[in-house]
Amino acid sequence: MEFVEIWNKNSGARISTYVILGKRGSRCCILNGAAARTCQPDDEIIVCNSVYLDEAHITSLKPRVVTFDLDNHILDRLRLGRS
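Numbering (the numbering used here), first residue to last: 414 to 496.
Structure (structure tokens):
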């Protein structure tokens, strides 16, 4: 199970929840249950995934950032790494 943080830029709400996989390519981001009460259609949100690693694996981590347009099409994919 994958857990995420959702930060609502419109309301300031911050929630922790889990991911339910949907249909690939649907461009949908749907909140269910209590989480659904924290966001409204057209709200801008930030979804943040985190992972726990032991010290030996931290330096090999390559975080990714994906940005979307208003119709949930991918605008940019950024890969971050140590320099």
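Ideal Cβ placement from N, Cα and C applies to all residues, glycine included.
Element boundaries [beta strand (DSSP E), containing residue i]
i      : result
Glu418 : Phe416 to Asn421
Ile443 : That residue, Ile443, is in no beta strand (DSSP E); it is neither H nor E in DSSP.
Cys452 : Here Cys452 belongs to no beta strand (DSSP E), and DSSP marks it neither H nor E.
For residue i: DSSP bridge partner residues
i      : result
Arg477 : Arg492
Where residue i falls: helix, strand or coil (DSSP)
i      : result
Thr472 : coil
Arg427 : strand
Asn462 : strand
Ile487 : strand
Reference residue i; option with closest CA among the options
i      : options                           : result
Thr480 : Arg437, Asp489 and Thr451         : Asp489
Ser424 : Glu415, Val432 and Cys452         : Cys452
Ser463 : Glu457, Gly438, Ala449 and Val432 : Val432
Ala447 : Ala426, Leu493, Asp484 and Arg492 : Ala426
Trp420 : Met414, Leu434, Arg437 and Asp456 : Asp456
Beta-carbon contacts of residue i that lie in its chain and below 8 Å, excluding the five residues immediately before and after
i      : result
His486 : Arg440
Ala469 : none
Spatial neighbours of residue i in its chain, beta-carbon cut-off 6 Å, leaving aside the 5 residues before and after
i      : result
Ser429 : Glu418
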